[in-house]
Amino acid sequence: MKSSYFYFYMPSSLAPQWESEGVDFALVGQCALSTGAQTVSTYVIRSPQDGKVLTFYAARSGGLLGWEIAYPDGKYRYFKEGVRAESCAYDHIDHQVD
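See below:
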């Protein structure tokens with residue numbers, strides 16, 4: 000998935016780290032996201048891109064449900080409409096950007 004803000008790619012066979020089109024990705028944990036009455040297990044994937052750190056929330060069955068963008072001055076999280084975080088277990092970093 001390419002947008003004007005980021006690039007996201009998740010291979011069908013996940014590894015701890017991978018690269019696509021010159022962009023590095025790392026699987027850093029898992030989250031449970033709520034989509035109304037249903038809970039969806041997601042992978043948490045981190046990727047440094049263009050001076051920011053992106054954290055993606057991708058459903059195990061496929062599909063991007065949300066993302067977080069960390070800039071030097073703060074971070075911003077976006078979820079698809081109707082999706083919210085329930086619980087997460089992943090490597091929390093301080094979102095420092097080089």
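When we follow numbering that gives the first Met the number 0, the leftmost residue of the sequence shown carries the number 0, and every step to the right adds one.
Built from N, CA and C at the ideal position, the CB exists for glycine as well.
In terms of Cα proximity to Y6, the closest of S12, A14, Q16, E20 is E20. Shown here for I68: same chain residues with a beta carbon closer than 6 Å to its own, the five before and five after excluded, namely K51, L53, Y75 in chain order.
Rounded to the nearest whole angstrom, the CA to CA distance from P71 to S46 is 15 Å. Under DSSP, G50 takes part in no beta bridge, so it has no partner. Counting every other CB atom within 10 Å of its CB across the protein chains shown gives Y56 a total of 16 or more, marking it as buried.
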